[in-house]
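S.K.: In my numbering, the protein residues as written are 30 to 147.
1) Go to residue 89, then tell me how far its beta strand (DSSP E) extends in each direction, as first and last residue.
2) Could you pull out every residue in the same chain whose Cβ sits closer than 6 Å to the Cβ of residue 137, ignoring the five residues on either side in sequence?
3) Taking the beta carbon of residue 92 as the centre, do at least 16 other beta carbons fall within 10 Å, making it buried, or is it exposed?
4) Measuring straight from C-alpha to C-alpha, what distance separates residue 119 and residue 125?
5) I'd like the list of long-range same chain contacts for residue 139, defined as Cβ closer than 6 Å, with 5 residues on each side in sequence excluded.
6) Is residue 60 helix, strand or coil by DSSP?
7) DSSP three-state label for residue 136, please.
8) Can you pull the DSSP bridge partners for residue 81?
9) Please state the DSSP three-state secondary structure of residue 75.
10) Would you kindly work out how many angstroms separate the C-alpha atoms of residue 132 and residue 81, rounded to a whole number?
11) Buried or exposed for residue 78, please, with buried defined as at least 16 other CB atoms from any protein chain shown within 10 angstroms of its CB.
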């Protein structure tokens, strides 16, 4: 074994142990009886707004929310929808959501980081 390889083999386990002790989960859920509380988005710079679901593509798991805060619409993925199991939004319903600016998300300048029916 070459000296560099031997040194890497010795240091790698130490580095992994050190790093893994500092890793924390970004989000957690807390169950209270039958109610599950979901934390607000951890995305830095996320902005809260209320809007209306313009469209929802169940098969693809995404849709668009209209709001005065997000001209042209805000793209939303099923993964941003608060809930458990199969998550969708209902067209025409009011939603509370958090969003961030993006360069281009499937043609939209805004992307929801969290969304739930109001």
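We treat Cβ as the ideally placed atom computed from N, Cα and C, and that holds for glycine.
M.R.: Quick answer:
1) The continuous stretches of beta strand (DSSP E) do not include residue 89, and DSSP gives it neither H nor E.
2) 102 and 104
3) buried
4) 13 Å
5) 99, 103 and 128
6) Residue confidence is low: residue 60 scores 36 on pLDDT, short of 50, so the model does not pin down where it sits. Its coordinate-derived value is still stated next. In the structure shown, residue 60 sits in a strand (DSSP, three-state: E or B).
7) The three-state reading of DSSP puts residue 136 in coil, since its state is none of H, G, I, E or B.
8) 95 and 123
9) coil
10) 22 Å
11) buried
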